[in-house]
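K.L.:
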């Protein structure tokens, strides 16, 4: 007879793997994050009786955000990975410093609420609904804030976001 963990793992392993793969590149990193997700879910298995699928994917979003925080990936790192895609030996430290300064200056131009909603959505992986509920505003208002920041960053920095 299959254990509860084996059943849970069998049911969600492929969905979780491909979900993580949308945000993280590198086979080892993907596998590590997937493992972290199932370890976390298993530690909190008592709450699985409510809605296992929702809990698994909420945990997945949290672990993806943890991965980015642990590795201190910034918007500049995302740009390098998604747009420039150059080798590390070609890395120009002076250019990196200029881009970092450009991003810092640009972040000061963004209204605090918009910046906060954007980071909660893109970095922490919260949905528009979750952010709206936390801040007592509509889901559409959150979407407008996030899209405003995205458009500004894309226009000024030519960045691709996940």
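In UniProt numbering, the protein residues as written are 1 to 162.
Even glycine gets a Cβ: it sits at the ideal position worked out from N, Cα and C.
#1: Beta-carbon separation of residue 67 and residue 29 under 8 Å?
#2: Measuring straight from C-alpha to C-alpha, what distance separates residue 106 and residue 154?
#3: Just the Cα atoms here: how many angstroms apart are residue 3 and residue 146?
#4: Taking all protein chains shown into account, decide if residue 34 is buried (16 or more other Cβ within 10 angstroms of its Cβ) or exposed.
#5: Return the CA-CA distance between residue 81 and residue 27, expressed in angstroms with no decimal places.
#6: Give the straight-line distance between the Cα atoms of residue 32 and residue 5, rounded to the nearest whole angstrom.
#7: Compare the Cα-Cα distances from residue 24 to each of 63, 40, 46, 10 and report the closest residue.
#8: Take the Cβ of residue 18 as the centre, count every other Cβ of all protein chains shown within 10 Å, and call the residue buried at 16 or more, exposed below.
#9: Could you spell out the range, first to last residue, of the alpha helix (DSSP H) harbouring residue 44?
#10: Express the C-alpha separation of residue 132 and residue 141 in angstroms, rounding to a whole number.
#11: For the alpha helix (DSSP H) that residue 131 lies in, which residues bound it at each end?
#12: By the DSSP assignment, the alpha helix (DSSP H) with residue 64 in it spans what residues?
#13: Between which residues of its own chain and residue 12 is the CB-CB distance below 6 Å, once the five residues before and five after are set aside?
#14: Just the C-alpha distance for residue 130 and residue 139, rounded to the nearest angstrom, thanks.
P.N.:
Result, derived from the coordinates:
#1: yes
#2: 11 Å
#3: 42 Å
#4: Buried is the call here.
#5: Note that residue 81 has pLDDT 49, beneath the 50 cutoff, so the model's placement of it is unreliable and the number below is only indicative. C-alpha separation (whole angstroms): 15 Å.
#6: 18 Å
#7: Here the closest residue by C-alpha is 63.
#8: exposed
#9: It is not in any alpha helix (DSSP H) - residue 44 carries neither H nor E in the DSSP assignment.
#10: 8 Å
#11: 128-135
#12: 52-70
#13: 56
#14: 8 Å
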